[in-house]
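Protein chains in written order, with the working numbering: chain Z, 80 to 373; chain Y, 41 to 358.
Written out as structure tokens, the structure reads:
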């Protein structure tokens with residue numbers, strides 16, 4: 080229908096494949112996110128530690144630079160599993176802040192004026208909508224966690240002798256697994272809380288509360304009841320336990336108190352429970368129409 | 041050749057929150073513009089939401105273009121454009137970007153979606169405001185942008201839930217004119233839900249009247265108009281043989297005393313014959329009201345709880 084004709088005409092042209100529709104949700108979400116200069120600048124800042132890590136690697140492998148800087152790198156500063164674990168843990172938290180800035184706004188705009196029904200009245204399922212949103216968080220977190228992790232591993236393998244890469248080959252799996260574990264937990268939890276609360280500011284507060292206030296409550300719980308099990312409510316602690324296991328960090332040298340650690344099975348069970356509760360919440364709340372009981 | 045009904049309801053029952061909202065709906069709707077009429081809370085919006093797959097039927101089913109909504113809702117949604125009753129928009133998007141986004145979600149490639157988003161905006165008369173953020177639009181403009189997003193992907197069935205809600209008379213007329221224009225293209229079927237009789241009467245050729253979740257009447261307005269049953273209200277000075285003569289002419293006639301008569305004039309009898317009969321029987325006609333059975337009459341009868349099919353209905357069962 081041409082503009083000047085102003086008549087209604089049905090559309091008989093080509094259609095995009097049905098499986099690719101989630102990509103439309105993701106594309107528009109990305110485009111909206113990066114319209115914000117603050118968000119774009121923050122995303123760039125998330126790469127700063129990676130550049131420092133590259134510089135660090137270079138200095139360690141260059142006696143000339145060390146001589147110029149007047150420093151001597153000892154064996155304690157070697158690049159190993161612990162180094163990767165700590166660097167990517169820091170990156171994971173950068174990613175967390177990035178996702179916290181992105182997720183509530185990305186979801187609340189669809190809920191604020193009941194726009195969700197307009198998504199779901201189209202050939203787009205709730206799952207596809209969710210996959211579209213999760214893929215935005217996944218791409219953002221991947222870009223600052225496991226992808227730079229793998230690049231750093233490749234760089235280190237290149238700079239170090241052949242034996243290092245072979246000895247630390249398991250780190251490839253650790254980097255990828257830890258990255259995707261973080262993505263799964265963060266994206267599901269943040270989306271569930273955002274969908275539940277529907278209000279951007281409240282959702283952001285709730286997310287920060289779960290990660291920064293809940294550990295305080297967990298420790299208070301432990302102190303009052305003289306137990307260690309309150310830590311199952313301390314999600315950063317639980318994730319750190321798993322993180323260290325994935326990177327094969329010796330528990331005695333990890334930065335989690337060796338004594339009174341929760342058993343690993345409880346850490347995995349907590350993470351699994353958080354994911355299941357988030358999925359349940361999304362299933363309950365991500366609907367075109369909510370039914371009032373009565 | 042059998043025409044596939046646009047919407048077919050088969051003992052459709054929907055329960056929400058433990059309450060029965062739609063109760064055993066049966067009927068077949070084939071019009072180009074179908075009205076869903078009923079008082080607030082009668083189940084109109086629930087029926088639309090069920091057709092869109094938002095609410096699962098607790099029993100029975102519905103078919104759209106012959107396809108069961110239970111199994112093929114995703115394919116059916118590609119053929120449907122939906123304009124919800126409540127606000128539904130993304131406030132911080134420009135109008136044209138919002139409609140383009142919705143068209144892309146319906147499966148249009150980005151380029152075509154952009155083109156049709158612009159066209160839809162001009163079509164609904166918002167061309168000049170298409171680069172403004174939707175959140176800044178007036179209520180009437182928001183209604184129009186909802187219509188634009190329902191049209192942009194070129195659906196074959198458009199579901200409009202209370203499209204004239206909150207509009208001033210001028211905007212309401214413009215909205216109804218748009219609906220009539222869409223209907224008159226003949227390429228698309230429109231279902232309008234409204235509690236305003238006038239809106240339905242102006243646009244629709246078939247109407248489903250709901251009351252308390254049940255079908256109160258299913259009426260083919262077009263056939264009703266074609267049948268053109270003429271209702272006459274007469275006041276005469278005396279009825280000397282006049283009533284009998286009218287009966288003999290083949291008209292239904294009821295006398296209410298004091299010379300007040302009601303006559304149903306069949307299609308093949310001209311009004312002139314009534315005047316001739318009056319002259320033959322030296323009866324003075326002092327007053328005559330001439331009107332057809334209107335949607336208002338049909339609606340009022342239906343609301344009174346008459347569980348009979350209104351004359352002229354073609355397909356439905358109650």
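Backbone N, C-alpha and C define an ideal beta-carbon position, used for all residues, glycine too.
These numbers were taken from a predicted model, which means no experiment stands behind them.
Between the options, which has its C-alpha nearest residue i's C-alpha?
i, options, result
"residue 95 of chain Z", "Y:243, Y:215, Y:152, Y:78", "Y:152"
"residue 324 of chain Z", "Z:341, Z:209, Z:147", "Z:341"
"residue 107 of chain Z", "Z:181, Z:268, Z:363, Z:284", "Z:181"
"residue 220 of chain Z", "Z:318, Z:117, Z:263, Z:236", "Z:263"
"residue 314 of chain Z", "Z:367, Z:302, Z:293", "Z:293"
"residue 195 of chain Y", "Y:170, Y:177, Y:231", "Y:231"
"residue 129 of chain Z", "Z:227, Z:348, Z:309, Z:122", "Z:227"
"residue 12 of chain Y", "Y:128, Y:259, Y:243, Y:76", "For chain Y, the structure presents residues 41 to 358; residue 12 of chain Y sits outside this window and is missing."
"residue 68 of chain Y", "Y:338, Y:324, Y:285, Y:258", "Y:258"
"residue 102 of chain Z", "Z:246, Z:145, Z:289, Z:204", "Z:204"
"residue 212 of chain Z", "Z:326, Z:287, Z:105", "Z:105"
"residue 185 of chain Y", "Y:90, Y:115, Y:137", "Y:137"
"residue 354 of chain Z", "Z:259, Z:304, Z:236, Z:233", "Z:259"
"residue 247 of chain Z", "Z:158, Z:146, Z:139, Z:117", "Z:158"
"residue 109 of chain Z", "Z:245, Z:329, Z:218, Z:320", "Z:218"
What does the Cβ neighbour count give for residue i, buried or exposed, with the cut at 16 atoms within 10 Å?
i, result
"residue 166 of chain Z", "buried"
"residue 346 of chain Z", "buried"
"residue 203 of chain Y", "buried"
"residue 120 of chain Z", "exposed"
"residue 120 of chain Y", "buried"
"residue 349 of chain Z", "buried"
"residue 144 of chain Y", "buried"
"residue 224 of chain Z", "buried"
"residue 171 of chain Y", "exposed"
"residue 151 of chain Z", "exposed"
"residue 356 of chain Z", "exposed"
"residue 261 of chain Z", "buried"
"residue 117 of chain Y", "buried"
"residue 122 of chain Z", "buried"
"residue 183 of chain Z", "buried"
"residue 103 of chain Y", "buried"
"residue 160 of chain Y", "buried"
"residue 266 of chain Z", "buried"
"residue 344 of chain Z", "exposed"
My output table needs one value for residue i: the three-state DSSP class, helix, strand or coil.
i, result
"residue 86 of chain Z", "coil"
"residue 196 of chain Z", "helix"
"residue 91 of chain Z", "coil"
"residue 300 of chain Y", "strand"
"residue 80 of chain Y", "coil"
"residue 306 of chain Z", "coil"
"residue 132 of chain Y", "coil"
"residue 163 of chain Y", "helix"
"residue 305 of chain Y", "strand"
"residue 293 of chain Y", "strand"
"residue 313 of chain Y", "helix"
"residue 362 of chain Z", "helix"
"residue 233 of chain Z", "helix"
"residue 295 of chain Z", "helix"
"residue 326 of chain Y", "strand"
Spatial neighbours of residue i within its chain, please: CB distance less than 7 Å, with the 5 preceding and 5 following residues excluded, ordered by chain position.
i, result
"residue 361 of chain Z", "209, 270, 271, 274"
"residue 51 of chain Y", "64, 66, 99, 100"
"residue 299 of chain Y", "275, 276, 277, 278, 279"
"residue 307 of chain Z", "301, 339, 341"
"residue 336 of chain Y", "237"
For residue i, I'd like the list of residues in its chain whose CB is within less than 6 Å of its CB, leaving aside the five on either flank, ordered along the chain.
i, result
"residue 189 of chain Z", "195"
"residue 180 of chain Y", "207, 211"
"residue 297 of chain Z", "309, 310, 312, 313"
"residue 76 of chain Y", "84, 233, 248"
"residue 242 of chain Y", "216"
"residue 254 of chain Z", "225, 228, 229"
"residue 220 of chain Y", "243"
"residue 359 of chain Y", "As displayed, chain Y neither begins before 41 nor continues past 358, which places residue 359 of chain Y out of reach and without an answer."
Is any non-hydrogen atom of the ligand MG found closer than 7 Å to the C-beta of residue i, if you look at the structure I gave you?
i, result
"residue 212 of chain Z", "Ligands displayed in this structure: none; no statement on the ligand MG is therefore possible."
For residue i, which residues in the same chain have their Cβ closer than 8 Å to its Cβ, ignoring the five residues on either side in sequence?
i, result
"residue 290 of chain Z", "175, 314, 315"
"residue 125 of chain Y", "85, 201, 202, 205, 233"
"residue 236 of chain Y", "204"
(message) Quick check for students: name the residue ranges of the beta strand (DSSP E) that lie wholly in the stretch 184-266 of chain Y, counting only runs of 3 or more.
(response) Within the stretch 184-266 of chain Y, the runs of beta strand (DSSP E) at least 3 residues long that lie entirely inside it are, in chain order, 197-201, 229-234, 246-251, 254-259.
Suppose only complete runs of 4+ residues qualify. What are the alpha helix (DSSP H) ranges in the stretch 153-223 of chain Z, listed by chain order? Runs of the alpha helix (DSSP H) inside the stretch 153-223 of chain Z: 160-191, 195-199, 205-223.
query = Where in the stretch 44-95 of chain Y do unbroken runs of the beta strand (DSSP E), each at least 3 residues long, occur, reported from the N-terminal end onward?
reply = List check, beta strand (DSSP E) in window: 47-56, 59-69, 73-77.
Problem set entry | Entirely enclosed alpha helix (DSSP H) segments - the stretch 92-119 of chain Z, minimum 4 residues | With a minimum length of 4 residues, the continuous alpha helix (DSSP H) runs that stay inside the stretch 92-119 of chain Z are 100-112.
**Message:** Threshold first: 4 residues or longer. Then list the alpha helix (DSSP H) segments lying entirely within the stretch 249-274 of chain Z, N to C.
**Reply:** Taking only runs of at least 4 residues, no alpha helix (DSSP H) segment lies wholly in the stretch 249-274 of chain Z.
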